[in-house]
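Chains A and B supply the protein sequences, listed in that same order.
The numbering of the first sequence is our numbering, which starts it at 182 and goes up by one.
The numbering of the second sequence is our numbering, which starts it at 0 and goes up by one.
Encoded as structure tokens, the structure appears first; notes follow it.
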Amino acid sequence: MAVSKKSSEDLVNVQVDGHWIRVPKGTRMIEACKQAAAEVPHYCYHPKLTSPGNCRMCLVEMGMPPRPTPGEEAELDAEGHAKINWMPRPVIACANTVAEGMGIRTQSLLAKECRQGVMEFLLINHPLDCPICDQAGECTLQEYSVEHGNGQSRFLESKVKKPKNVDIGPRIRLDDERCVLCSRCVRFSKEVVDDDVLGFVDRGSHNTLAVHPDRKLENNYSLNTVDICPVGALTSNDFRFKMRVWFMRETKSLCTGCARGCNTLIGSREGKIYRQGPRENNKVNSAWMCDSGRMEYHRLEDPARLTDPMIKRGRTHNVVDWTEAICRAAKDLSRFKGDELAIIASGGMTNEELYLTRTLAESLEAGVVDVVKRSGSGDDYLSHSDKNPNVNGARKILKLRSPGSRLKLIHAGIAEGKIKALLVLGEDLLDIGFSEEELGGLKCMVLVHMIANPTAKMSTVVLPGAGYAEKRGSMINATGRLQRLNKAIDSPGLSREDWEILQGLNRAVDGKDEVTELVDVFGEMTSAVSIFKGLSFAGIGDLGVDVMDTGESVPLLEREAKRVRDGLIVG
Amino acid sequence: MPIVVKRPRLTLAEKCYFPALMKGLRITLGHAIRILQRKKKVTMQYPEVKWDDNLPEHYRGAPALVTDEHDRERCVSCQLCEFICPPRAIKIVPEEIPPGDEWQKVEKRPESFDIDMLRCIYCGMCQEVCPEQAIFLRKDYAITGVSREEMIHDKQKLYEIGGKREGLINKWNKLK
Numbered sequence: 182m183a184v185s186k187k188s189s190e191d192l193v194n195v196q197v198d199g200h201w202i203r204v205p206k207g208t209r210m211i212e213a214c215k216q217a218a219a220e221v222p223h224y225c226y227h228p229k230l231t232s233p234g235n236c237r238m239c240l241v242e243m244g245m246p247p248r249p250t251p252g253e254e255a256e257l258d259a260e261g262h263a264k265i266n267w268m269p270r271p272v273i274a275c276a277n278t279v280a281e282g283m284g285i286r287t288q289s290l291l292a293k294e295c296r297q298g299v300m301e302f303l304l305i306n307h308p309l310d311c312p313i314c315d316q317a318g319e320c321t322l323q324e325y326s327v328e329h330g331n332g333q334s335r336f337l338e339s340k341v342k343k344p345k346n347v348d349i350g351p352r353i354r355l356d357d358e359r360c361v362l363c364s365r366c367v368r369f370s371k372e373v374v375d376d377d378v379l380g381f382v383d384r385g386s387h388n389t390l391a392v393h394p395d396r397k398l399e400n401n402y403s404l405n406t407v408d409i410c411p412v413g414a415l416t417s418n419d420f421r422f423k424m425r426v427w428f429m430r431e432t433k434s435l436c437t438g439c440a441r442g443c444n445t446l447i448g449s450r451e452g453k454i455y456r457q458g459p460r461e462n463n464k465v466n467s468a469w470m471c472d473s474g475r476m477e478y479h480r481l482e483d484p485a486r487l488t489d490p491m492i493k494r495g496r497t498h499n500v501v502d503w504t505e506a507i508c509r510a511a512k513d514l515s516r517f518k519g520d521e522l523a524i525i526a527s528g529g530m531t532n533e534e535l536y537l538t539r540t541l542a543e544s545l546e547a548g549v550v551d552v553v554k555r556s557g558s559g560d561d562y563l564s565h566s567d568k569n570p571n572v573n574g575a576r577k578i579l580k581l582r583s584p585g586s587r588l589k590l591i592h593a594g595i596a597e598g599k600i601k602a603l604l605v606l607g608e609d610l611l612d613i614g615f616s617e618e619e620l621g622g623l624k625c626m627v628l629v630h631m632i633a634n635p636t637a638k639m640s641t642v643v644l645p646g647a648g649y650a651e652k653r654g655s656m657i658n659a660t661g662r663l664q665r666l667n668k669a670i671d672s673p674g675l676s677r678e679d680w681e682i683l684q685g686l687n688r689a690v691d692g693k694d695e696v697t698e699l700v701d702v703f704g705e706m707t708s709a710v711s712i713f714k715g716l717s718f719a720g721i722g723d724l725g726v727d728v729m730d731t732g733e734s735v736p737l738l739e740r741e742a743k744r745v746r747d748g749l750i751v752g
Numbered sequence: 000m001p002i003v004v005k006r007p008r009l010t011l012a013e014k015c016y017f018p019a020l021m022k023g024l025r026i027t028l029g030h031a032i033r034i035l036q037r038k039k040k041v042t043m044q045y046p047e048v049k050w051d052d053n054l055p056e057h058y059r060g061a062p063a064l065v066t067d068e069h070d071r072e073r074c075v076s077c078q079l080c081e082f083i084c085p086p087r088a089i090k091i092v093p094e095e096i097p098p099g100d101e102w103q104k105v106e107k108r109p110e111s112f113d114i115d116m117l118r119c120i121y122c123g124m125c126q127e128v129c130p131e132q133a134i135f136l137r138k139d140y141a142i143t144g145v146s147r148e149e150m151i152h153d154k155q156k157l158y159e160i161g162g163k164r165e166g167l168i169n170k171w172n173k174l175k
């Protein structure tokens, strides 16, 4: 084969729509086209899954340099590349890899006619459901139909009827008429979560996606199939008919359901969150997230959300303004020094909040500071057994060797009557082993929380905080990656972002008035906490940076890396 | 590049404007005489007398929802009218049609459908965008109320105004 001068060991020359580019050997043609900014439409191809090549949407025209006869010199063009002989038949770009001197045409007449033909076949039995379909607005069938399809259908026969509104799992609804049989969901279930419950039954135009008759699609990662479904065949029960996608604003954020810190996109409109889904980050969660994490945002809709700062007078709590509440809390807490005062923080707080807790503890000279441990069941994919999203941050910032171990001291301190005041941040003490009698003995208890829980009823000052999607900040996940939390919606009523409350307490206690922005808190933290040295809040970026080595790895990512090495997926 | 407009050269008659003045007076006088002769009416006693019968076919009045000959509410709450509405007068909350309903196969309908008639500018975009032929601009133009709440047309009111409309495309028929 004629090898052009420019090729090297691991890069090959490929011509895409007339332009020569160099891509690594073994690159899929569709990825090479992507690098050359020539988008190839596709349904079944997904970089994280194997390529069965069954949708035929990515057909392109391909050509190779001719093989010269012995003694013959390869015919070169002006740029020194071998002349390309175009093949009369199209090839699929998703499952074929590039070769030296290969030519790809994505915009030729042949390629365009192929797409038009495939679109026509996909649409003959597709229902006119768009007005009621949740996928409308982010449906690739809609998009490609506009871009590559015909204006009108030539199909006069009656459409094939398939089951609609099928209950295939507790969180998912299937509409078989909308399905384009791309098999992404089948491959996801089989390859990524090892729960092979989906498959195709029947033949020809009656080919139908179905769930195993004795089983349901109910694994904790089932909703990912809804995300990767290019059409509206699989829809989420939680999001079903709630809001059209074009109304929603998407905010890049994090899931705080466990220590994994999956990157998310939060869809909200006018102060209400409608869905939360994964955002691709190949260092944390690949392109997936668990179903329980997606439902985390419902915690913000608690009917018992605190909206106003309150002070307990006698047996009732009275609503006061922020200045009064903060001053009262600071005054009450300052009356106790050293061993008389303990702070119970939370592993769900951001680094900035933890840092402000640390400065507050220093100026109040609090005897004990600790966070609450919260473990649950993790799995072999993404879900972590540590259900606190930022215990690593608490370890480093509050200098805790083993978080949660000093709660015993607090129990003992209260029992002895040594501890008289308690500052509780984002925790419900009655839920974590403290009893009402125990807390009743305290002289003062200040609570920062977003929900009116039983602890709030016992607290002398209650300061309403914000939920995870209502504030900004940074967190360190289980693998030691520093990531950013962004604000999607405003917190209800007069409640404030927790770091603002803590900053208010700091100011009221030490009288200093310096830090005004969250970014400044992070800036101050970079000099006070060694692992943040040289970083900036903006520098964390959307995908985060590794700041510590915890020795942990993500099982799902390891398996994915192996599949990439084996050449099964692109990754 | 500025365009230079040449000032027209006026004739003497145009300069003294007297002939033009007389021309105007003649027209006015002509109308006055015709009214006195009861040959022409220029004032209509609204609201006792209304022009409604003469409204053109394309007249755009208050938007309303319609049902079809099968008494099915045609709106499936796709919210395209809410999206297109320039003054943001429309607010829709969708819901799923419960199992057992005659039209369960349609799956979706509005739980509430509010049009704020204080905001509505009668542009007709909602009617134009509707993929289900469910919202039409009627010829009602005198929309009044004594409070802001009264000026918000809810789903019930919208169907009341809209009524039944026959001969529309029956997309969700039983055979399909």
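Glycine included, C-beta positions come from ideal geometry on N, C-alpha and C.
If we ignore side chains and look at the alpha-carbon of each, how far apart do residue i and residue j end up?
| i | j | result |
| --- | --- | --- |
| residue 333 of chain A | residue 218 of chain A | 30 Å |
| residue 604 of chain A | residue 587 of chain A | 15 Å |
| residue 366 of chain A | residue 274 of chain A | 21 Å |
| residue 183 of chain A | residue 284 of chain A | Here the model assigns residue 183 of chain A a pLDDT of 44, short of 50, so the residue's position is not dependable, and the following value carries that caveat. C-alpha separation (whole angstroms): 14 Å. |
| residue 64 of chain B | residue 113 of chain B | 11 Å |
| residue 668 of chain A | residue 159 of chain B | 43 Å |
| residue 480 of chain A | residue 649 of chain A | 10 Å |
| residue 222 of chain A | residue 702 of chain A | 46 Å |
| residue 373 of chain A | residue 439 of chain A | 20 Å |
| residue 577 of chain A | residue 570 of chain A | 14 Å |
| residue 167 of chain B | residue 0 of chain B | 55 Å |
| residue 473 of chain A | residue 452 of chain A | 22 Å |
| residue 122 of chain B | residue 686 of chain A | 54 Å |
| residue 621 of chain A | residue 506 of chain A | 21 Å |
Is residue i buried or exposed, if buried means 16 or more other CB atoms sit within 10 Å of its CB?
| i | result |
| --- | --- |
| residue 511 of chain A | buried |
| residue 78 of chain B | buried |
| residue 751 of chain A | buried |
| residue 15 of chain B | exposed |
| residue 67 of chain B | buried |
| residue 316 of chain A | buried |
| residue 370 of chain A | buried |
| residue 251 of chain A | exposed |
| residue 306 of chain A | buried |
| residue 477 of chain A | buried |
| residue 177 of chain B | Beyond the ends of chain B as shown, which are 0 and 175, falls residue 177 of chain B; an answer cannot be given. |
| residue 43 of chain B | exposed |
| residue 500 of chain A | exposed |
With 7 Å as the threshold, decide whether the Cβ of residue i is near any Cβ in chain A.
| i | result |
| --- | --- |
| residue 128 of chain B | no |
| residue 75 of chain B | yes |
| residue 154 of chain B | no |
| residue 161 of chain B | no |
| residue 107 of chain B | yes |
| residue 97 of chain B | no |
| residue 46 of chain B | no |
Are residue i and residue j close, meaning C-beta to C-beta below 7 Å?
| i | j | result |
| --- | --- | --- |
| residue 91 of chain B | residue 62 of chain B | no |
| residue 286 of chain A | residue 292 of chain A | yes |
| residue 676 of chain A | residue 719 of chain A | no |
| residue 88 of chain B | residue 118 of chain B | yes |
| residue 640 of chain A | residue 628 of chain A | yes |
| residue 739 of chain A | residue 660 of chain A | no |
| residue 390 of chain A | residue 360 of chain A | yes |
| residue 525 of chain A | residue 642 of chain A | no |
| residue 210 of chain A | residue 244 of chain A | no |
How many whole angstroms separate the CB atoms of residue i and residue j, which I take to be in contact at a CB cut-off of 8 Å?
| i | j | result |
| --- | --- | --- |
| residue 331 of chain A | residue 301 of chain A | 6 Å |
| residue 124 of chain B | residue 85 of chain B | 7 Å |
| residue 232 of chain A | residue 226 of chain A | 6 Å |
| residue 599 of chain A | residue 517 of chain A | 10 Å between Cβ atoms; not a contact. |
Does the CB of residue i have a neighbour CB from chain B at under 7 Å?
| i | result |
| --- | --- |
| residue 425 of chain A | yes |
| residue 313 of chain A | yes |
| residue 718 of chain A | no |
| residue 422 of chain A | yes |
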